[in-house]
Structure formats: C-alpha cells, structure tokens
Amino acid sequence: MSIIDTFDNETEAMIHLEDVCQKSTIQLDVCIINFSYKIMQALIEDDLIELLDDSIIKSVSGNYPIYIYKNTKIGVVKTNIGAPLTVGLMEEIGYVFSCKKFVMFGSCGGLDKNIASNKIIIPTHAYRDEGVSYHYVKASDYMEISNYKIVSEYLDILNIEYVLGRTWTTDAFYRETKGNFLKRKLEGCIAVEMEVSACQAVANFRGYQLYNFLYRADNLDSSKWDKGILSNIEIDERLKHFFIALEIAKRVVNNE
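If you read the sequence shown in the working numbering, its first letter stands for residue 165, the second for the next number, and so on.
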C-alpha cells in the first residue's frame, strides 16, 4: 500500500487520547510551542513563566513540562524537532488541557538567498514530504496553512517585517538533496523545516487552530550549505521570536 492510501476515515482509531492521558481540570486558552531549551531557560530565569505540570504528559523519553505565562492562561512548552513528536505533544496538550489553539514557531532553512538571515517567514502552504500528515488528511502535494493571513495581519499591527511563501516539510534533515531543493524552489518554496505540514494536518483533523511562523537560520540556496545562524542565534533574538509568538497568542485569545 502506498503512503498516499494511508488516510483512513472509515474505521476507528485503536488507541485514543483518553486511553493514555488524564484530563486536567485546568484549561488553556492557547499554547505556544517552541523548540529551544535556551528560550525556556531564559523565561524561567526571568520569572516570566511558571510550571503548570511536569508529569501529566510523559513518555519513555521523559516528561514534557507544561508552563504558563504568568497571569495568563497561555501555555508554553518545548517540543523536540520532528513531526511525530510535535504532533503527539499537540494532541495530548489539546486533550489534557482542553486547548484548541496553538502558536508554533521555530527556525527553518532558507531556499531563497535573497531572504536575510533571521527573517520572519509565514508559511502559506507546506509540501508534505513527511509521513504524519497522511494519517490525518487525504493525500495531496501541499497542505494549505489555514491562518497565515491572520498571522500576517497581526505582524502588520506589530510593525514586524516578514515574507510570505511556501515551505517544504521534510522528515530527513540529511537528505535535503540538491535535486529536491531545486524542485521545491521551482514550486515556490522559500523555506524547509520538519513540522508544519503535519501540525496543520492534525489541526484540521482535531478541530484546532494553528498559528505558525518561522525564522530563517541556515541557507540551501548557495553553492554549498550555509549554516548561517543555525544553533548560534543570540538569546536576545530567540526571545524576540518568543515575544512575537506571545503577542500572537494574546490576540488569538482576545479576538475569540
């Protein structure tokens, strides 16, 4: 059976969230998902977030502490790179804390050398070069990102510059080949990352709202790979991205 035939909306899932997770009495209005332990450390040290629970969401790999931004019902969590884990974390937070809205941000590789390092990118569509999304949504080449116009409107209000464009979601960091790069670039992709198409597919399936942006770290649009600011971005810049996500989250809550 081909992966394009994987989506099954005719039979019931054999494992349910309620089989694995215990529902909390606490509800989150929205949850911010990020990938940086440095951001989490800085927020904790600056006393901006407080621990909500450090054991309700867990796996054999360890626990996933859930924080809240102080004096709000905005959750903050660090995931790890990759679609399967991030999707699972989103689903479990959605169930445990009755959370239906997620703001996600992280770094990406650039596919257009004219996009400056650290530039904000708002994905409009994501190429489905991963496996997770095919279990949640019928097969297609691209996943439309539902709330990109809302994210762009919020950034306009905040006077933050950004670029709109397609992204390429892949499972294989070390198999971003020259040939595939050229194909995606010709189709209008300006970024490559590892979660967006899958998270949007799950949002569509579960009835969540996803608000996503990226920032350009490394660059593939050169004679050889340019590491750029990948792994080297200053903490002040990392926190700027978090506070952009926080402003989006606040507006998502207030515009209900």
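Ideal Cβ positions, reconstructed from N, Cα and C, are used throughout, including at glycine.
- In terms of Cβ geometry, N383 and G274 form a close pair [threshold 7 Å].
- Around the C-beta of G295, fewer than 16 other C-beta atoms lie within 10 Å, and the residue is accordingly described as exposed.
- Around the beta-carbon of A409, 16 or more other beta-carbon atoms lie within 10 Å, marking it buried.
- Around the Cβ of R292, a 10 Å sphere holds 16 or more other Cβ atoms; the residue is buried.
- DSSP, reduced to helix, strand and coil, places L192 outside both helices and strands of the structure shown, so it counts as coil.
- For L403, the uninterrupted alpha helix (DSSP H) segment begins and ends at 399-418.
- If the five residues before and after K237 are omitted, its C-beta is found closer than 6 Å to the C-beta atoms of L192, D193, all from its own chain and listed in chain order.
- The closest CA to that of I168, considering only L249, D305, E256, K277, is found on D305.
- In the displayed model, A280 falls within coil according to three-state DSSP, outside both helix and strand.
- Below 8 Å, too few C-beta pairs join the region 272-291 and the region 231-245 to call them touching: fewer than three.
- Closest in alpha carbon position to G352, among P287, E182, L319, M178, is P287.
- Under a 10 Å Cβ-count criterion, T243 is classified as buried, with 16 or more other Cβ atoms of the shown protein chains found around its own Cβ.
- Taking 4 residues as the minimum length, the alpha helix (DSSP H) runs contained wholly in the region 228-260 are 247-260, in order along the chain.
- Rounded to whole angstroms, K342 and Y372 show a C-alpha spacing of 35 Å.
- As DSSP reads the structure, N376 sits in a beta bridge with M268.
- Within the region 333-372, the complete alpha helix (DSSP H) runs of at least 4 residues fall at 342-350, 360-370.
- Residue pairing by DSSP leaves I220 without any beta bridge partner.
- Counting along the chain, the unbroken beta strand (DSSP E) around M307 starts and ends at 306-308.
- For L249, the closest of S188, T331, K404, I221 by C-alpha to C-alpha distance is I221.
- Short of 7 Å from the beta carbon of F345, and not among the five residues preceding or following it, lie these beta carbons of its own chain, in chain order: L275, L384.
- The shortest C-alpha to C-alpha distance from I197 to any of V241, D183, Y326 is the one to V241.
- In the DSSP assignment, E214 is bridged to I232.
- A straight line joining the alpha-carbon of I230 with that of L215 spans about 6 Å.
- In the three-state reduction of the DSSP assignment, V327 falls in the strand class.
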